[in-house]
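> Sharing a structure, written as structure tokens. Questions coming.
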Amino acid sequence: LGVDIVMKLSKDEAVELQSELIESYRAPWFQNQLDDLLEDYPPPGGLYEQAFKDKFAVLLRKAQEATLVKHGFDGPKGVYNMMSAFGDVGADPEVVALGRQIDEKLRVTEGCVLPVVVEV
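For the sequence shown, position 39 (counting from the first letter as 1) is numbered 49 according to this note's numbering, and the numbering increases by one without interruption.
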């Protein structure tokens with residue numbers, strides 16, 4: 011209907027959501043598929059390739075789907091809505107620490123997103 015509903019997470023909600031994502035990213039099936047993807051597109055050069063970005067996005071969506079739906083972030087803009095929902099709590103030390111754990115599981119992200127890669 012042309013109405014955007016903006017959700018904001020409380021700290022407890024953010025911590026719960028991040029903890030569930032960490033569990034998804036820790037799962038052997040996810041880590042095995044990430045291993046395969048990074049073998050096919052080794053960093054840092056592989057991160058330039060659109061095919062890597064596309065396949066990484068598909069893998070993330072697969073891992074995130076149940077958690078995003080549970081927390082009301084389903085639909086085509088679910089990930090973007092989720093990220094904006096962290097606005098009020100994103101600087102909280104516990105939320106920042108969990109973000110680092112997410113980056114550790116994803117191995118190629120900074121601040122939970124792929125870094126902008128500039129070829130020189």
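Glycine included, C-beta positions come from ideal geometry on N, C-alpha and C.
These numbers come from a predicted model, not from an experiment.
Output the distance between the C-alpha atoms of S94 and K18, rounded to the nearest integer angstrom.
One Cα belongs to S94, the other to K18, and the distance between them is close to 8 Å.
> Cutting at 7 Å between CB atoms, please list the residues of its own chain near K115, excluding the five before and the five after it.
I32, Y35, R36
> Just the Cα atoms here: how many angstroms apart are R124 and V118?
The question names Arg, but residue 124 is Leu in the sequence shown. In a straight line, the C-alpha of L124 is about 6 Å away from that of V118.
> Specify whether the stretch 78-98 and the stretch 37-52 touch according to this definition: at least 3 beta carbon pairs, one from each stretch, less than 8 Å apart.
no
> Just tell me which of G121, G100, D113 has its CA closest to the CA of E23.
Selected option, being the one with the closest Cα: G100.
> Do K65 and L78 have their C-beta atoms closer together than 7 Å?
no
> Quick one: Cα of Y51 to Cα of A67, how far?
Approximately 14 Å, taken between the alpha carbons.
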